[in-house]
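Residue 1738 in my numbering is what sits at position 278 of the sequence shown, and the numbering runs on without skipping anything.
Notes to accompany the following structure.
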Amino acid sequence: MSSSRSARVRRAPSASLDRGALERELAAGLAQLHLELPEAAIGKLLDYLALLSKWNAVYNLTAVREPRAMLVQHLLDSLAIVAPLAARGAAPGNGGEGNGGEGNGAPRTGAEGEPPGSDAPYRCVVDVGSGGGLPGIVLAIVWPRTRIHLVEPVGKKAAFLRQCAVELALAHVEVHASRVEELEPGSSLAPDLILCRAFASLPDFVSGIEALVGPSTIVAAMKGVVPRDEIAALGGGWSVAEILPLQVPLLDAERHLLLLERSADRGTRARSDTHPDARAQAGRDGPADH
């Protein structure tokens, strides 16, 4: 994790925590984030944490070593973006998939062709520079009907991600052991959400994903302190449309979710907001309720 996202975790009285203690802290964190997850999803989050801790001893996936710190700085940090992104994803004005998808304002469907909901606010998500699976694996657990693409060029990290997909039974996850610039958009890779966490500078991020971004694609970056220099350095018609402060339970550090947009896409997105099909869908389905 970059220095801009360094954090101080509020310490609990006990230095070592078992799974039961971790589960209680996770449940408390989910309550603070107003997220309601089924027991199976909570179990998978804890299983993922156990995998991350085990593999980290050999593969050095993260500088965070202690399980409780991982829970706060990785799991809860990633879970903090679920509600704001789900609300935007389920909104009918966001159109469909990005490149080659339903980006004409028609109601978006989930991974199995069903209407979007709390477990499928997006059809196709790309996590750039997924590393140890953050936030991609977490989103895959929370959104089981959304196709999740994890892009990670480092071989050992990509191997860990594939192992997570197998052991956690995440059949809707696909791992790409390559740079994001090498991916080609198509019917199986048409994202309506592209995001990154502690990846690269904003200019490098948007440059790498340019070919994957469609007129209705939501582009998001997880950051610590707002990176004013990176925002000022954006070019190619890119700008930050919205900066959302995030409150991560048990974490004494700034967190922000930045939503980016291209000037060329603004008119298309605005038109999709007033599309008759979108207005009709709005009457049937509100934003995902977390």
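Glycine included, every Cβ here is placed at the ideal spot set by N, Cα and C.
Enumerate in chain order the residues of its own chain whose CB-to-CB distance from residue i is below 8 Å, with the five nearest sequence positions on each side excluded.
i	result
G1615	A1637
A1501	I1601, V1602 and P1604
I think residue i touches residue j, with their Cβ atoms under 8 Å apart; what is that distance to the nearest whole Å?
i	j	result
A1631	W1603	At roughly 13 Å, the Cβ-Cβ gap does not stay under 8 Å, so A1631 and W1603 are not in contact.
E1641	H1609	Between H1609 and E1641 the Cβ distance is about 14 Å, and since that is not below 8 Å, they are no contact.
Where does residue i sit, in a helix, a strand or coil, going by DSSP?
i	result
W1698	strand
G1480	helix
G1668	helix
R1583	coil
R1593	Looking at the sequence itself, residue 1593 is Gly, so the reference to Arg does not match. Of the three classes helix, strand and coil, the one that applies to G1593 here is coil, per DSSP.
V1614	coil
D1652	coil
H1632	coil
I1601	helix
G1646	strand
V1588	strand
E1714	coil
P1705	strand
V1679	strand
Would you check whether the ligand NAD has a heavy atom nearer than 8 Å to the C-beta of residue i?
i	result
A1701	As far as ligands go, the structure on display features none, and thus does not contain the ligand NAD.
For residue i and residue j, what's the separation of their Cα atoms in angstroms?
i	j	result
L1694	L1719	13 Å
R1479	C1584	32 Å
S1667	L1536	29 Å
S1699	L1545	18 Å
P1663	E1483	38 Å
S1676	E1485	37 Å
L1717	L1655	10 Å
E1714	A1487	22 Å
E1496	L1649	29 Å
S1661	A1680	13 Å
Y1508	A1671	31 Å
Who are the Cβ neighbours of residue i in its own chain at under 6 Å, not counting the five residues just before and after it?
i	result
R1657	L1594, P1595 and M1682
K1504	I1601 and L1628
L1653	Y1582, V1585 and I1678
Residues in the same chain with beta-carbon distance under 7 Å from residue i, minus the five sequence neighbours each way, listed in chain order, please.
i	result
V1626	none
F1620	W1515, Y1519, L1521 and G1592
F1659	V1588, G1589 and F1665
G1697	R1722, S1723 and A1724
(message) If contact is defined by three or more beta carbon pairs under 8 Å, each pair taking one atom from either stretch, is the stretch 1625-1645 in contact with the stretch 1525-1540?
(response) Output reads no: the stretch 1625-1645 does not touch the stretch 1525-1540.
(message) Closer than 8 Å is the cut-off here; do at least three beta carbon pairs connect the stretch 1693-1712 with the stretch 1488-1496?
(response) Counting C-beta pairs with one atom in each stretch, the stretch 1693-1712 and the stretch 1488-1496 have three or more that are closer than 8 Å, which means they touch.
(message) So, does the stretch 1677-1689 touch the stretch 1508-1522, judging by three or more C-beta pairs under 8 Å?
(response) Touching, no, given that fewer than three Cβ pairs across the two stretches are closer than 8 Å.
(request) May I ask you to verify whether the stretch 1535-1542 touches the stretch 1586-1600, counting CB pairs closer than 8 Å and requiring at least 3? (result) Between the stretch 1535-1542 and the stretch 1586-1600, the count of C-beta pairs closer than 8 Å reaches three or more; the two stretches touch.
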